[in-house]
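In our numbering, the protein residues as written are 120 to 370.
Quick reminder that beta carbons are idealized off the backbone N, C-alpha and C, glycines included.
What follows is a single structure, written as structure tokens, with notes after it.
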Amino acid sequence: IVATGCRFATDGLNYYSHAPIPGADAICDWQLTPDEVVLGTKPLGQRVLVFETEAYFFGASVAQKLAGEGKDVTLVTPAAKIAGWLEYTLEHTMMMKELYRLGVEMHPLTMVERIDPGVCHAVNVYHSELSHKFEFDTLVLCTQRLSNDEMYWDLRADEQRLASEGIKGVYLIGDACAPMMMYEAIFDGHRLAREIDSPDPSMPLPFVREHGHWLPARDAAHRRIIGDRSDVPEPAMLSGVGSGAIQGVTS
Numbered sequence: 120i121v122a123t124g125c126r127f128a129t130d131g132l133n134y135y136s137h138a139p140i141p142g143a144d145a146i147c148d149w150q151l152t153p154d155e156v157v158l159g160t161k162p163l164g165q166r167v168l169v170f171e172t173e174a175y176f177f178g179a180s181v182a183q184k185l186a187g188e189g190k191d192v193t194l195v196t197p198a199a200k201i202a203g204w205l206e207y208t209l210e211h212t213m214m215m216k217e218l219y220r221l222g223v224e225m226h227p228l229t230m231v232e233r234i235d236p237g238v239c240h241a242v243n244v245y246h247s248e249l250s251h252k253f254e255f256d257t258l259v260l261c262t263q264r265l266s267n268d269e270m271y272w273d274l275r276a277d278e279q280r281l282a283s284e285g286i287k288g289v290y291l292i293g294d295a296c297a298p299m300m301m302y303e304a305i306f307d308g309h310r311l312a313r314e315i316d317s318p319d320p321s322m323p324l325p326f327v328r329e330h331g332h333w334l335p336a337r338d339a340a341h342r343r344i345i346g347d348r349s350d351v352p353e354p355a356m357l358s359g360v361g362s363g364a365i366q367g368v369t370s
């Protein structure tokens, strides 16, 4: 089982343009990926521009961290809303309050077109004549993530060697298969572990769902679920709730 994760693109590759950004190159000392920010492998200037295209927590979290350390942070994204996906995890309000409290300058609906040393050229995603120039000392590229799948393909390249070693299958999971959200990667590994003895572990088995019923036991489907046991008492209605209301809820 290969679970080698993923990495951030160093050339600005992103979902919006589906291409690298001219001038983007995290090999430069003044350009970083989020991993390099966390590891502290490069020095940071006072003015930091964070360009993100994920619209989830990475870009906002980097901006929060650096602003909390006293940096002058500008957060730029082509998305209509800063960290919009945090609404689905009930964290958006808290994050936005924190970014405003820390003085982060935010520019949604803004796409970077070109990067030069010390200056970033950007335009409004709906109106290209509305251009911006952002001056900075350090640029953080929080754009597309790329799977670390090289090991998987190296292993699959020699099927005869795998067979000679008694290896019957090689499986790629999590971010190594495709960059995904954390809960998806966790589920991917959990699913494969549960189904590793199935005829084809690479293909997820269908979910087995239990259907609970509030209606009386006259429901034939409910009878089948409990094995047609005649000694099972009829389900009681909720106190103060009529069968019509219950029918409305379950439907």
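- Unbroken alpha helix (DSSP H) runs of no fewer than 4 residues, entirely contained in the stretch 191 to 233, are found at 211 to 220, following chain order.
- Rounded to whole angstroms, the separation of the alpha carbons of Lys-190 and Pro-298 is 29 Å.
- Judged by their CB atoms, Ala-122 and Gly-308 are nearer to each other than the 8 Å cut-off.
- The three-state secondary structure of Leu-249, taken from DSSP, is coil.
- In this structure, the alpha-carbon of Ser-180 lies about 14 Å from that of Arg-220.
- Taking the C-beta atoms as reference points, Thr-172 is found no nearer than 8 Å to Tyr-207.
- Taking every protein chain shown into account, the CB of Thr-262 has 16 or more other CB atoms within 10 angstroms, so this residue is buried.
- Counting the other Cβ atoms within 10 Å of the Cβ of Met-213 gives fewer than 16, which makes it exposed.
- The shortest CA-to-CA distance from Leu-260 to any of Ala-282, Cys-239, Arg-275 is the one to Cys-239.
- In this structure, DSSP gives Gln-263 a state outside helix and strand, which the three-state scheme calls coil.
- Taken through DSSP and simplified to helix, strand or coil, His-309 comes out as helix.
- In the DSSP assignment, Leu-158 forms no beta bridge with any residue.
- Three or more beta-carbon pairs drawn from the stretch 190 to 199 and the stretch 222 to 237 are found closer than 8 Å, and the two stretches are therefore classed as touching.
- Within the same chain, Ala-198, Gly-203, Trp-204 come within 6 Å of Ala-174 by CB-CB distance, once the 5 residues on both sides are set aside.
- For Tyr-290, the closest of Pro-139, Glu-254, Ser-250, Ala-312 by C-alpha to C-alpha distance is Ala-312.
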